[in-house]
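*Asks:* Before I ask anything, here is the structure I am working with.
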Amino acid sequence: MAVDVALLLAPVDGDSRVGEDLSYDDGRIQIESAFERSVSDDDDAPEVEVDWRSTINAIVEQSAQTKDVWLAVYLARAGAKAGQLDVVEAGAQFLGGLFEDYWPDVHPQLDEYGFQGRKGPTESLTRIGEFLGPLKKLPVLRHPRLGVFSGADFARFREGGASEDGYGMFRAALEDIGDEGLGEILQQIDNIIDGIKRADRVMVANADGDTGTNFQPTYDALNEIRRGIAAFTSTGADAGEEDAAEAGDDDAAAYAGSFDSGSGGGASGGPAFSGGVNSREDVLRALDAIVGYYQRREPSSPVPLALNRAREWVNADFLTVLEDIASGALDDVKRILVSQRSDY
Numbered sequence: 001m002a003v004d005v006a007l008l009l010a011p012v013d014g015d016s017r018v019g020e021d022l023s024y025d026d027g028r029i030q031i032e033s034a035f036e037r038s039v040s041d042d043d044d045a046p047e048v049e050v051d052w053r054s055t056i057n058a059i060v061e062q063s064a065q066t067k068d069v070w071l072a073v074y075l076a077r078a079g080a081k082a083g084q085l086d087v088v089e090a091g092a093q094f095l096g097g098l099f100e101d102y103w104p105d106v107h108p109q110l111d112e113y114g115f116q117g118r119k120g121p122t123e124s125l126t127r128i129g130e131f132l133g134p135l136k137k138l139p140v141l142r143h144p145r146l147g148v149f150s151g152a153d154f155a156r157f158r159e160g161g162a163s164e165d166g167y168g169m170f171r172a173a174l175e176d177i178g179d180e181g182l183g184e185i186l187q188q189i190d191n192i193i194d195g196i197k198r199a200d201r202v203m204v205a206n207a208d209g210d211t212g213t214n215f216q217p218t219y220d221a222l223n224e225i226r227r228g229i230a231a232f233t234s235t236g237a238d239a240g241e242e243d244a245a246e247a248g249d250d251d252a253a254a255y256a257g258s259f260d261s262g263s264g265g266g267a268s269g270g271p272a273f274s275g276g277v278n279s280r281e282d283v284l285r286a287l288d289a290i291v292g293y294y295q296r297r298e299p300s301s302p303v304p305l306a307l308n309r310a311r312e313w314v315n316a317d318f319l320t321v322l323e324d325i326a327s328g329a330l331d332d333v334k335r336i337l338v339s340q341r342s343d344y
């Protein structure tokens, strides 16, 4: 299912190059209903039957009438659900192009919805149930005789080799498509990373005291898929993998830099987080940056577990925290700390 990104990014005919806001249009409601029926955080949950081809066509059709961040995000998610890597690629490139070419006036518009109105749609690309789970299951290699293989399959065969079920058919498919075929798949993965990187950088540059979306889970998932595929090329996981990993590292640094000492944001390559913490919001952002480091560099570390727990306590009072960690002791502590002299 070929999707022309250039057509998706073409200005809308008429007085406004971004067209009208079609958030409440009947066509948009139909598009959204497909995702509402299909989202699940349970990887083992049965798939709900959705006509993703029709949904993709509806997204493409509406993109000719309006330029909307939601449509780019929906296109990437629909591609993952439909098992179409090229559609995910188109959605990511569409998102990057919208932010680069239309940031001042793309829908949702800043004067009506603020920065969060654009951050919200992109955050769904970092969640398992909405995007990352389907992405990992998506067939990246389709062979007419030997079957289809997902990024998760590549990772499984990379780890288990010939002991894994289906390995013989998998190897036969690889021999048939060769390095050239694997290279084309890797290029699609790189294009997805590139589109998200571009969107990420524009958001960080325009955060204005807020933070952009933390795409690190998305970079991690894409790089994991890429590593699995690259391992079966003649050169193995080579410099291309390092370049892809740097995509996540560079934008994580920009994400951290967006709240450097209250600077109000900067483009990628701007100053890294320097430790300036002047509010609870700064604390939350600093914790997110630290967790991002561990996820990238020390994925087996238990530190993120503790920090994510601490993050939930930032805006809590002492008794709320105590209830969370030792609810059985709460009544005793209240008797000690809370005055019960109601007769005075």
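Counted from 1, the sequence shown has number 18 at position 18 by UniProt numbering; the numbering is strictly sequential.
We treat Cβ as the ideally placed atom computed from N, Cα and C, and that holds for glycine.
Since we're looking at a predicted model, the values are computed, not measured.
#1: What separation, rounded to the nearest whole angstrom, lies between the Cα atoms of Asn-315 and Asn-308?
#2: Whose CA, out of Gln-84, Pro-108 and Arg-37, lies closest to the CA of Glu-20?
#3: If you drop the 5 nearest sequence neighbours on each side, which residues of the same chain put their C-beta closer than 7 Å to that of Arg-142?
#4: Going along the chain, which residues of its own chain have a beta-carbon closer than 8 Å to the beta-carbon of Arg-280, five neighbours each way excluded?
#5: Should the stretch 54-65 be regarded as contacting the stretch 116-131, the criterion being three or more beta carbon pairs within less than 8 Å?
#6: With 8 Å as the threshold, decide whether the Cβ of Leu-110 is near any Cβ in chain B.
#7: Let me check one thing: in DSSP terms, what residues is Ser-150 bridge-paired to?
#8: Is the CB-CB distance between Val-204 and Gly-195 below 8 Å?
#9: Check for me: the alpha helix (DSSP H) holding Val-69 runs from which residue to which?
#10: Which residues in the same chain as Asp-238 place their Cβ atom closer than 6 Å to its Cβ, once the five residues preceding and following it in sequence are excluded?
#11: Between the alpha carbons of Ser-234 and Gly-181, how many angstroms are there, rounded?
#12: For Tyr-294, which residues from the same chain have a beta carbon less than 7 Å from its beta carbon, with the 5 sequence-adjacent residues on both sides left out?
#13: In whole angstroms, give me the CA-to-CA distance for Gly-168 and Glu-184.
#14: Would you list the one or two residues that DSSP bridges to Ala-66?
#15: Please determine, among Phe-99, Ala-173, Glu-100 and Ile-189, the residue with the shortest C-alpha to C-alpha distance to Lys-136.
#16: The alpha helix (DSSP H) spanning Trp-313 covers which residue range?
#17: Whole angstroms are fine: how far does the CA of Ala-78 sit from the CA of Thr-55?
#18: Smallest Cα separation from Glu-112: which of Asp-101, Ser-23, Asp-15 and Ile-193?
#19: Which word fits Ala-64, buried or exposed, when buried means at least 16 other C-beta atoms lie within 10 angstroms of its C-beta?
#20: Do you know offhand how far Gly-257's Cα is from Asp-220's?
#21: Got a sec, what are the start and stop residues for the alpha helix (DSSP H) Gln-116 sits in?
#22: Report back the beta-carbon spacing between Trp-103 and Asn-214 to the nearest angstrom; my notes put them in contact at under 8 Å.
*Replies:* So, to answer that:
#1: If you take the alpha carbons of Asn-315 and Asn-308, they lie about 13 Å apart.
#2: It is Pro-108 whose Cα lies nearest to the Cα of Glu-20.
#3: Contacts found: Val-148.
#4: Result list for Arg-280: Val-314 and Asn-315, in chain order.
#5: Cβ pair count under 8 Å is below three, so no.
#6: You won't find chain B in this structure, because it holds only one protein chain.
#7: Answer is Pro-139.
#8: No; because the gap between Cβ atoms is not below 8 Å, this pair is not in contact.
#9: Counting along the chain, the alpha helix (DSSP H) containing Val-69 begins and ends at 69-82.
#10: Since pLDDT at Asp-238 reaches only 49, below the 50 mark, its modelled position is unreliable, and the value read off the structure follows with that caveat. Non-local C-beta neighbours of Asp-238 in its own chain, meaning closer than 6 Å and more than five positions away in sequence, are absent.
#11: Answer to the nearest angstrom: the Cα atoms are 12 Å apart.
#12: Excluding the 5 residues flanking it on each side, Tyr-294 has same chain C-beta neighbours closer than 7 Å at Ser-301, Val-303 and Pro-304, in chain order.
#13: Near 22 Å, if we compare the C-alpha coordinates of Glu-184 and Gly-168.
#14: According to the sequence displayed, residue 66 carries Thr and not Ala. Per DSSP, Gly-19.
#15: Ranked by Cα distance from Lys-136, the options Phe-99, Ala-173, Glu-100 and Ile-189 are led by Ile-189.
#16: From DSSP, the alpha helix (DSSP H) with Trp-313 extends over 303-313.
#17: One C-alpha to the other measures close to 7 Å.
#18: Residue Ser-23 is the option with its Cα nearest to Glu-112.
#19: Per the 10 Å Cβ criterion, exposed.
#20: In this prediction, Gly-257 has a pLDDT of 49, which is less than 50 and means its spatial position is unreliable; what the coordinates show is noted afterwards. So the two alpha carbons sit approximately 20 Å from each other.
#21: Its alpha helix (DSSP H) spans residues 116-123.
#22: No, Trp-103 and Asn-214 are not in contact; Cβ-Cβ is about 19 Å, not under 8 Å.
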